[in-house]
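Mapping to the working numbering: the sequence shown position 129 is 257, numbers consecutive.
In what follows, a single structure is set out as structure tokens and then discussed.
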Amino acid sequence: MRPRLRTTSLSLTASVATAALAGSLLAGLPPSVGAPAEPAPRAERAPALEVRTVAKGLANPWDVQQAPGGRLLVSERDRARISVVRNGRRRTLADLSKLVWVSGETGLMSLAVDAAHRRVYACHGSSKGGNHVQVTRWRVDRKWKRLSGRRTMITGLPSTSGRHGGCRLLLQRQGPGLVIGTGDAAVGTNPRDLDSLGGKTLRIDRRTGAPMPDNPFAGGTGNRRYVWTYGHRNVQGLAQRADGTLWSVEQGSYRDDEVNLLVPGGDYGWNPVPGYDESVPMTDQALPGEQQDARWSSGESTLATSGGAWVSGRQWGDLDGTLAVAALKASEVIFLAFTDDGALAQVTRPEELTGFGRLRSITAARNGDLLVTTDNGSDDRVLRVSPR
129 MRPRLRTTSL SLTASVATAA LAGSLLAGLP PSVGAPAEPA PRAERAPALE
179 VRTVAKGLAN PWDVQQAPGG RLLVSERDRA RISVVRNGRR RTLADLSKLV
229 WVSGETGLMS LAVDAAHRRV YACHGSSKGG NHVQVTRWRV DRKWKRLSGR
279 RTMITGLPST SGRHGGCRLL LQRQGPGLVI GTGDAAVGTN PRDLDSLGGK
329 TLRIDRRTGA PMPDNPFAGG TGNRRYVWTY GHRNVQGLAQ RADGTLWSVE
379 QGSYRDDEVN LLVPGGDYGW NPVPGYDESV PMTDQALPGE QQDARWSSGE
429 STLATSGGAW VSGRQWGDLD GTLAVAALKA SEVIFLAFTD DGALAQVTRP
479 EELTGFGRLR SITAARNGDL LVTTDNGSDD RVLRVSPR
């Protein structure tokens, strides 16, 4: 059976950073600009999709990650609970309600699993020493039934009412880097203030919590040592492409959700001052210096994009190598095809992934399937999406 798809092919004329420079960018070297690239022709072959429920009875599940032995770890924002799901059954791994500050968009959010060392990382609200967001690490026992050895990895990510407290974690495939995407806490000065941890992507050593030594401002003092990129509004998704490049998914104001290729030290142009003026462009090219343009933007109306994951495997046909992005308001998953040098080539919207309500997180499973969480507030689910 042929899938029900809505597909748009695009040709961009803006200059983009070349894929050949990806290694230099990740090493913290200055970016350069290449010539415009036409999108490569794409075969008209995409699979039908099978969508199964693998966990239900959840409330606002913010993230889902794979753990060994067929287990899935799921975080619930307001319940502040980490669950283990296996063979369709859920059990509580940790009730963190006494640790986690919950307010508005902030609570227990992103997870990261370092299976080789049996470590679990979580990004969550905290009221210790004033309301903020922090990243905490635990060790998990061999049967994945208990957490111990709690350690704070980084703290003081700004939060006020809980608005724009979104926090996404990504373990880099090479080296000890842990990437952290943060929201601006709805404070206009945070995104471009290098000594604020809000409105940024950060990189720390997952073993120690120290700033990564190749961060672009590692030679400075204070919080800027942690900064990888700045000028963001509300980073909701992080994903590492097969070529090693890092990408973010970001929610816009009333317009312009964005997918960004993260350039070390890059300014992504969100500057809603004075006050918190959301009428300004998401990427304001009138600011001093160079601002990095989005590689995809929703345009005049937002989708409320959230998690993102790169799709991998020949079974995905024409969708192999695309970035799958979950959307809350639009209640769909969009698949974005980019050329090797990062230009947008095609947008695909499978109808099989509509009808589930708000979709929050999306994670690539080891066999190539996608794991997606709904975020409707009651009887939420984890969905497993498989090409047929």
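We put the CB at the ideal spot given by N, CA and C, even for glycine.
Is it the case that the Cβ atoms of Gly293 and Leu285 are separated by a distance below 9 Å? Mapped onto the sequence shown, residue 293 falls at position 165. Mapped onto the sequence shown, residue 285 falls at position 157. In contact: Gly293 and Leu285 (Cβ atoms closer than 9 Å).
Sub-9 Å separation of Gly350 and Arg301 beta-carbons: For this step, residue 350 is matched to residue 222 along the sequence shown. For this step, residue 301 is matched to residue 173 along the sequence shown. No, Cβ-Cβ distance for Gly350 and Arg301 is not below 9 Å.
4-residue-minimum alpha helix (DSSP H) runs that sit fully inside the region 331-383, ordered along the chain: none
Per-residue burial, Arg442 [other beta carbons within 10 Å of its own, 16 or more giving buried]: Taking the first residue of the sequence shown as position 1, residue 442 is located at position 314. Per the 10 Å Cβ criterion, exposed.
Span of the beta strand (DSSP E) holding Val500? Mapped onto the sequence shown, residue 500 falls at position 372. Taken as a continuous stretch (DSSP letters only), the beta strand (DSSP E) holding Val500 covers 498-502.
Tell me which residues share the same chain as Val465 and place their Cβ nearer than 6 Å to its Cβ, disregarding the 5 neighbours each side in the sequence. By one-based count along the sequence shown, residue 465 stands at place 337. Looking at the sequence provided, one finds Ala at residue 465 rather than Val. If we look at Ala465 and ignore the five residues flanking it on each side, its Cβ neighbours are Thr450, Ala473, Gln474.
Of the residues Asp405, Ala250, Ala452, Thr317, which one's Cα is nearest the Cα of Arg267? Within the sequence shown, residue 267 is the residue found at index 139, counting from 1. Looking at the Cα atoms, Ala250 is the closest of the given residues.
According to DSSP, Arg267 sits in a beta bridge with which residue or residues? In the sequence shown, residue 267 corresponds to position 139, counting from 1. According to DSSP, Arg267 bridges with Arg247, Ser276.
Where do the N-terminal and C-terminal ends of the beta strand (DSSP E) with Asn495 fall, by residue? For the purposes of this step, residue 495 is identified with residue 367 of the sequence shown, where counting begins at 1. Premise fails: Asn495 is in no beta strand (DSSP E) and is neither H nor E.
Compare the beta carbon distance of Leu389 and Leu374 with 9 Å and say whether it is the shorter of the two. In the sequence shown, counting from the first residue as 1, residue 389 sits at position 261. In the sequence shown, counting from the first residue as 1, residue 374 sits at position 246. Yes, the pair counts as a contact, with Cβ atoms nearer than the cut-off.
What does the alpha-carbon distance come out to for the pair Val192 and Ala313? Residue 192 sits at position 64 when you count from the first residue of the sequence shown. Residue 313 sits at position 185 when you count from the first residue of the sequence shown. Using only the alpha carbons, I get a separation of about 24 Å.
Arg525 by DSSP, collapsed to three states: which one? Absent from the structure is residue 525, since the part of the chain shown begins at 129 and ends at 516.
Give me the DSSP bridge partner(s) of Glu460. Start at 1 with the first residue of the sequence shown, and residue 460 comes out as number 332. Partner(s): Ala455.
Give the secondary structure of Leu431 by DSSP, where H, G and I count as helix, E and B as strand, and everything else as coil. As a first step, residue 431 is located in the sequence shown; it is residue number 303 there, counting from the start. Note: Leu431 maps to coil in three-state DSSP.
Among the candidates Val461, Asp497, Trp444, whose CA atom is the shortest distance from the CA of Pro175? Taking the sequence shown and counting its residues from 1, the one referred to as residue 175 is at position 47. Residue Trp444 is the option with its Cα nearest to Pro175.
With distances taken Cα to Cα, identify the nearest neighbour of Gly235 among Pro189, His245, Gln194, Glu428. Numbered from its first residue, the sequence shown carries residue 235 at position 107. Among Pro189, His245, Gln194, Glu428, the Cα nearest to that of Gly235 is on Pro189.
In the DSSP output, what is Glu204 paired with across the bridge? As a first step, residue 204 is located in the sequence shown; it is residue number 76 there, counting from the start. Beta-bridge pairing links Glu204 to Pro189, Arg209.
Apart from the five residues just before and just after Asp448, which ones in its own chain have a Cβ nearer than 7 Å to its Cβ? Locating residue 448 in the sequence shown gives position 320, counting from the first residue. Cβ within range, chain order: Val439, Ser440, Gly441, Arg442.
Under the three-state DSSP convention, the category Glu406 falls into: As a working mapping, residue 406 is identified with position 278 in the sequence shown. Glu406 falls in the coil class under three-state DSSP.
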